[in-house]
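For the sequence shown, the positions run -22 to -1, 1 to 117 when mature numbering (1 follows the signal peptide of the UniProt record, and there is no 0) is used.
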Amino acid sequence: MKNYLVSVCLLLLAACRATEIAIPEPVKNIEGTWRITKATRNGTDLTNVVDFSKFRLHFQNNTYTIDNLLPFIVSGKGTWSLDDPQYPFKITFHQEGVDSSVVTKFDYPITDGQRIINLVFSPGCINNTYQYTLEKISK
């Protein structure tokens, strides 16, 4: 009986071994056209004060273009890159004709079943901090 209990205990311990399943994190794909759905400056909501309806940010093949410029981290077209394609925390914009790149915090959560982009930046004046929430436009 004693051997039986030891065997059962060993079997139970062996059955409780955790099996790790590796699920690779996909590369984040931000290509497409994005629009602003929410904007704040220094914590004040600008969404209903400023007309953001025509602003568009286009990401394609590691290049970007902007339609109907508003206060933004860059003012012309160029290239972009993420610090890590699977787990991005920063996005870098390199505007054509400008020697330096601009890096800002990049947040890419899922909200209401859709991916959004949150960008926080100061375009020129460090006393003004903007936060834009962008939503991908379906075609």
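All C-beta atoms, glycine included, are put in the ideal place defined by N, C-alpha and C.
Predicted model, so just to flag it, every value in this text is computed and none were measured.
If I follow the unbroken beta strand (DSSP E) through residue i, where does it start and stop?
i, result
"Ile44", "41 to 45"
"Leu35", "34 to 38"
"Leu24", "Unbroken run through Leu24: none, as it is neither H nor E."
"Glu113", "108 to 114"
"Lys6", "That residue, Lys6, is in no beta strand (DSSP E); it is neither H nor E in DSSP."
If you compare alpha carbons, which of the options is closest to residue i?
i, options, result
"residue 120", "Glu3, Ile1, Pro2, Thr15", "Lying outside -22 to 117, the shown extent of the chain, residue 120 is not represented and no answer is given."
"Phe33", "Thr25, Leu48, Val80", "Leu48"
"Pro101", "Thr25, Arg19, Gly10, Ile51", "Ile51"
"Phe30", "Asn46, Arg93, Ile1", "Asn46"
If the criterion is Cβ atoms closer than 8 Å, does the pair residue i and residue j meet it?
i, j, result
"Phe67", "Lys55", "no"
"Ser53", "Gln38", "no"
"Glu3", "Gln64", "yes"
Just the C-alpha distance for residue i and residue j, rounded to the nearest angstrom, thanks.
i, j, result
"Thr41", "Trp12", "14 Å"
"Gly75", "Thr57", "11 Å"
Write down the C-beta distance between residue i and residue j rounded to the nearest angstrom, noting that I regard them as a contact closer than 8 Å.
i, j, result
"Thr18", "Gln109", "5 Å"
"Thr89", "Asn20", "Thr89 to Asn20, Cβ: 23 Å. No contact."
"Thr70", "Ser59", "5 Å"
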